[in-house]
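> Encoded as structure tokens, here's the structure I'll be asking about.
There are 2 protein chains.
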Amino acid sequence: MSTHILPKALTTLIDEFGSLPGVGPRTAERYAYAALRREAGQSKRLAQALNELHQRVKTCPVTFALIDESDDLSPLYTDSRRNRQLICVVEEPLDIMALERTGQFDGTYHVLGGAISPIDGIGPEQLHIPELIERIKNDGVTEIIIATNASVEGESTALFLQRYIQEAGLTLTISRLARGIPVGVDLEYADQITLSHALEGRRTLS
Amino acid sequence: MSTHILPKALTTLIDEFGSLPGVGPRTAERYAYAALRREAGQSKRLAQALNELHQRVKTCPVTFALIDESDDLSPLYTDSRRNRQLICVVEEPLDIMALERTGQFDGTYHVLGGAISPIDGIGPEQLHIPELIERIKNDGVTEIIIATNASVEGESTALFLQRYIQEAGLTLTISRLARGIPVGVDLEYADQITLSHALEGRRTLS
């Protein structure tokens with residue numbers, strides 16, 4: 001019905017916006033209408049960015065981070081100020097951005113490319129785990145920080161990884177990100193699992 | 001800093017998505033990453049829809065609704081089943097979609113192109129009010145329903161329009177959408193202005 005009310009080009013754009021994650025029909029309408037209201041040039045810039053995306057972005061063959069098509073390896077790996085003996089293992093490339101924003105980490109990253117999820121048919125063999133083992137050996141890695149998500153899948157993946165590395169006979173420190181109360185959250189609103197983690201991981205002050 | 005962490009093409013796309021209304025940096029990242037993860041063809045379809053948008057959509061010269069570039073007038077105006085003597089006046093083209101979804105209205109629409117807002121420098125002269133007066137005369141309009149937003153600007157616009165039509169010496173019914181408690185909202189959560197409107201507009205049942 002909506003095809004009759006709105007011009008086809010706008011309906012098409014609404015449908016395409018609606019295919020982005022978490023974008024419902026009303027939000028898609030709002031984006032499409034905003035794209036129409038502003039200068040054509042601005043919408044064309046978004047179009048160009050979308051068109052060029054796949055050919056200009058590739059995956060680093062060592063860290064599996066996203067890199068420029070002109071780069072051979074991730075700049076976060078080739079940077080000599082970075083400690084290659086310390087690897088932070090994440091599920092997705094965008095997790096790297098979140099960690100880099102802290103400005104606290106001077107090691108390198110390894111993107112698994114997801115988490116183990118039997119429901120979605122993702123087993124350990126689809127993740128970049130053999131390549132991680134390779135790196136541990138090649139770069140003489142002394143510590144890996146497992147920074148998978150705090151979801152069931154993230155937890156299983158962390159557990160799997162820990163066992164896999166131990167069974168491979170590699171001796172290095174394996175750590176995980178601390179779980180606890182996030183900043184700005186009142187104790188009374190924290191869920192019980194988070195609170196259990198916070199109790200478990202409590203730090204002695206003196 | 002983020003330019004070094006993520007490939008340029010992805011950063012560009014994140015910036016462009018971020019220019020859409022209500023899209024913050026994290027949401028823009030999520031959209032851009034989703035665009036990268038899925039097939040290139042799907043992202044190119046969104047790009048194409050954006051590229052064609054401005055040349056394929058135009059404004060109806062009578063109703064100011066958005067129409068296909070191949071149409072002369074809005075199909076909602078030319079449709080013979082539509083009552084041209086009844087006009088629903090709205091602020092923006094997308095408001096038409098919201099009203100059409102009800103399936104309750106068989107009149108035609110008139111898009112003002114905004115609402116009176118001195119802060120934003122929008123006066124009545126920037127709205128399609130003279131064209132509305134023209135239509136009222138040409139089509140022998142018997143009723144206009146003012147369906148501006150329930151905001152300060154929408155209210156002022158409605159008031160201005162009402163006076164303007166009366167001062168033009170046109171005799172026709174002018175109505176407004178009812179204000180009251182929306183479906184699914186508990187009385188205790190309704191704000192006092194909405195409740196005042198609901199009391200004022202109460203309907204006698206027998």
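Protein sequences, first through last, are from chains A and B. Numbers 1 to 206, taken from full-length UniProt numbering, label the letters of the first sequence in order. Numbers 1 to 206, taken from full-length UniProt numbering, label the letters of the second sequence in order. No residue lacks a Cβ here, since even glycine has one placed at the ideal position from N, Cα and C.
Measuring only the C-alpha atoms, how far is R179 of chain A from L6 of chain B?
Their backbone Cα atoms lie some 27 Å apart in a straight line.
> Starting from the C-beta of V57 of chain A, find all residues in its chain whose C-beta is less than 6 Å away, skip the five residues before and the five after it, and write them out in chain order.
Taken in chain order, the residues that qualify are L66.
> Residues in its own chain within less than 8 Å of R81 of chain A by CB, not counting five upstream and five downstream?
Closer than 8 Å at the Cβ level, and outside the excluded window around R81 of chain A, lie D106.
> By the 7 Å beta-carbon criterion, what residues does the region 42-60 of chain B contribute toward chain A?
For the region 42-60 of chain B, which is checked against every Cβ of chain A, the residues closer than 7 Å are Q42, S43, K44, R45, L46, A47, A49, L50, N51, E52, L53, H54, R56 and V57.
> Would you mind stating whether R30 of chain B and P93 of chain A have Cβ atoms separated by less than 8 Å?
Not a contact, by the Cβ cut-off of 8 Å.
> Output the distance between the C-alpha atoms of D79 of chain A and E69 of chain A, rounded to the nearest integer angstrom.
Going from the Cα of D79 of chain A to the Cα of E69 of chain A covers about 18 Å.
> I need the straight-line Cα distance from D15 of chain B to G113 of chain A, nearest angstrom please.
If I take the Cα positions, the gap works out to 24 Å.
> Strictly below 7 Å CB to CB, what residues from chain B border K8 of chain A?
Ordered by position in chain B, the residues that pass the 7 Å Cβ test against K8 of chain A are D68.
> Any beta carbon from chain A within less than 8 Å of E29 of chain B's own beta carbon?
It does: the Cβ of E29 of chain B has a partner Cβ on chain A nearer than 8 Å.
> Counting only beta-carbon separations shorter than 8 Å, does I145 of chain A have a partner in chain B?
Cβ-Cβ to chain B under 8 Å: no for I145 of chain A.
> Look at the Cβ atom of V185 of chain A, then the Cβ atom of I145 of chain A, and state whether they are nearer than 8 Å.
No. Outside cutoff.
> Report the option in B:S43, B:A198, B:L132 and B:N51 whose CA atom is closest to the CA atom of Y164 of chain B.
For the residues B:S43, B:A198, B:L132 and B:N51, the minimum Cα distance to Y164 of chain B belongs to B:L132.
> Report the rounded CA-to-CA distance for L10 of chain A versus A34 of chain B, giving the unit in angstroms.
Between L10 of chain A and A34 of chain B, the C-alpha separation is close to 22 Å.
> Under the three-state reduction of DSSP, which class applies to S19 of chain B: helix, strand or coil?
Here S19 of chain B sits in coil by DSSP.
> DSSP on N83 of chain B, reduced to helix/strand/coil?
Strand at N83 of chain B.
> Pop quiz: residue 217 of chain B and L13 of chain B are said to be a contact at Cβ under 8 Å. What is the actual Cβ separation, rounded to whole angstroms?
Residue 217 of chain B is absent from the model: chain B starts at 1 and stops at 206.
> Measure from the C-beta of S80 of chain B to each C-beta in chain A and report whether the shortest distance is under 8 Å.
False, the Cβ-Cβ gap to chain A never drops below 8 Å.
> Please classify S175 of chain A: does DSSP put it in a helix, a strand, or coil?
Note: S175 of chain A maps to strand in three-state DSSP.
> Using a C-beta cutoff of 8 Å, does I122 of chain B count as contacting chain A?
By this cut-off, I122 of chain B is not an interface position.
> Given this structure, state the Cα-to-Cα distance separating residue 244 of chain B from Q55 of chain A, to the nearest angstrom.
Chain B is shown only over 1 to 206; residue 244 of chain B falls outside these bounds and no answer can be derived.
> Starting from the beta carbon of T12 of chain B, find every residue of chain A whose beta carbon is closer than 7 Å, and list them in chain order.
In chain order: A49.
> Within its chain, find whatever has a CB closer than 8 Å to the CB of V62 of chain A; leave out the 5 residues flanking it on each side and keep chain order.
Result list for V62 of chain A: L73, S74, Y77, E131 and R135, in chain order.
> Where does T59 of chain A sit, in a helix, a strand or coil, going by DSSP?
The answer is strand: DSSP assigns T59 of chain A an E or B state.
> Comparing the C-beta of residue 207 of chain B with each C-beta of chain A, is any distance below 8 Å?
This structure leaves residue 207 of chain B out entirely; chain B is present only between 1 and 206.
> Run the CB neighbour count on L205 of chain B, radius 10 Å, all protein chains shown included, and call it buried at 16 or more, exposed below.
Its Cβ having fewer than 16 others within 10 Å, L205 of chain B is exposed.
> Considering only C-alpha positions, which residue in the set A:Y189, A:H197, A:E188 and A:L177 is nearest to I87 of chain A?
Among A:Y189, A:H197, A:E188 and A:L177, the Cα nearest to that of I87 of chain A is on A:L177.
> Spell out whether any CB of chain B is found under 8 Å from the CB atom of G180 of chain A.
So no, G180 of chain A is outside the interface.
> Contact defined as beta carbons within less than 8 Å: I believe L36 of chain B pairs with L53 of chain A. What is the distance between those atoms, to the nearest angstrom?
So it is a contact: roughly 6 Å between Cβ atoms.
> Would you mind telling me which residues of chain A sit closer than 8 Å to E91 of chain B, beta carbon to beta carbon, in chain order?
By Cβ distance, chain A contributes nothing, its closest Cβ being about 12 Å from E91 of chain B, past 8 Å.
> Could you tell me the boundaries of the beta strand (DSSP E) in which V152 of chain B lies?
Where V152 of chain B is concerned, there is no enclosing beta strand (DSSP E), although the alpha helix (DSSP H) it sits in stretches over V152 to E167.
> Using a Cβ cut-off of 8 Å (strictly closer), state whether S19 of chain A contacts chain B.
Yes, S19 of chain A lies at the interface with chain B (some Cβ there is under 8 Å from its Cβ).
> Report all residues from its chain with a CB closer than 8 Å to the CB of Q85 of chain A; omit the five preceding and five following residues, and keep chain order.
Answer for Q85 of chain A: G107, D139, G140, V141, T142 and E143, listed in chain order.
> Taking all protein chains shown into account, decide if D95 of chain B is buried (16 or more other Cβ within 10 angstroms of its Cβ) or exposed.
When all chains shown are included, D95 of chain B counts as buried.
> Any beta-carbon of chain A closer than 8 Å to the one on L112 of chain B?
Closer than 8 Å: no.
> If you follow the alpha helix (DSSP H) that residue 210 of chain B is in, where does it begin and where does it stop?
Given that chain B is displayed from residue 1 to residue 206, the structure contains no residue 210 of chain B and the question cannot be resolved.
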